[in-house]
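Protein chains in written order, with our numbering: chain A, 1 to 112; chain G, 1001 to 1114.
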């Protein structure tokens, strides 16, 4: 079992709709979670991090964390074609706080 | 742009050779992490340096080694290159006080081993 799992996609969403990206993790001791966006041929770009149960909003983005279910999600409201990218979920463990484990990423495509 | 720079951008090496990749962290960032990203995969943690000391290591063999300098720039060295080492190598820096929460990635070095 992978430590951080994501559906590889592609996930296709019409422009203006809400894109929902999901991630599960296996290490119950994981403390913090991160969402990165990676355009093709570019390096990952940090969108948000979350470490408390519940929702965290930043502009069009909302991260959700449910530690009981070991589940993290990212919602993108009013999706734009420029949101088309691979979204990487990552978790930071308790036993090795310096080690951040990435999922394989979900490809998101916003269709006009 | 994150202010993190890496060199070189591309590199081609032969199996068995050694390679050194360099990273200059964002000003004031004292923590540097290195990752390997194979095509279609997420980045895999190699190791992290904090104040010139290794501060955690992923599941990579000892032929992957690193250094951090007093100005917080860093090097990744890989000895005895194997074909599977072909990947994008990313460094990420973090500023003090964030516990490494906020990592800013450089553009990466694309390494091809033939």
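The beta carbon of each residue, even a glycine, is placed where N, CA and C say it ideally should be.
Compare the Cα-Cα distances from residue 91 of chain A to each of A:100, A:108 and A:81 and report the closest residue. In the first chain, residue 91 of chain A corresponds to position 91, counting from 1. Of A:100, A:108 and A:81, the residue nearest in Cα terms is A:100.
Beta-carbon gap between residue 78 of chain A and residue 107 of chain A smaller than 8 Å: As a first step, residue 78 of chain A is located in the first chain; it is residue number 78 there, counting from the start. As a first step, residue 107 of chain A is located in the first chain; it is residue number 107 there, counting from the start. No. Outside cutoff.
Indicate the three-state DSSP secondary structure (helix, strand or coil) for residue 10 of chain A in the structure shown. Taking the first chain and counting its residues from 1, one reaches residue 10 of chain A at position 10. Residue 10 of chain A falls in the coil class under three-state DSSP.
The stretch 1086-1098 of chain G: which residues have C-beta closer than 7 Å to a C-beta of chain A, in chain order? 1090
Along the chain, where does the beta strand (DSSP E) that runs through residue 65 of chain A open and close? On the first chain, residue 65 of chain A is found 65 positions in, with the first residue counted as 1. Run containing residue 65 of chain A: 61-66, per the beta strand (DSSP E) assignment.
Excluding five sequence neighbours on each side, which residues of the same chain lie with their C-beta closer than 8 Å to the C-beta of residue 1063 of chain G? Your numbering for residue 1063 of chain G matches position 63 in the second chain. These residues qualify, in order along the chain: 1078, 1079 and 1080.
Figure out for me which residue from A:6, A:3, A:8 and A:17 has the closest Cα to the Cα of residue 83 of chain A. For this step, residue 83 of chain A is matched to residue 83 along the first chain. Comparing Cα positions, the closest option is A:17.
What residues of chain A sit near residue 1104 of chain G, judged by a beta carbon separation below 8 Å? The residue labelled residue 1104 of chain G in the question sits at position 104 within the second chain. Residues of chain A with a Cβ closer than 8 Å to the Cβ of residue 1104 of chain G are, in chain order, 46.
Counterpart residues of residue 1010 of chain G in DSSP-defined beta bridges: Numbered from 1 along the second chain, position 10 holds the residue referred to as residue 1010 of chain G. Residue 1010 of chain G pairs with G:1110.
Hey, out of A:39, A:74, A:67 and A:88, whose CA is closest to residue 105 of chain A's CA? If you number the first chain from 1, residue 105 of chain A lands on position 105. Cα-wise, what sits closest to residue 105 of chain A is A:88.
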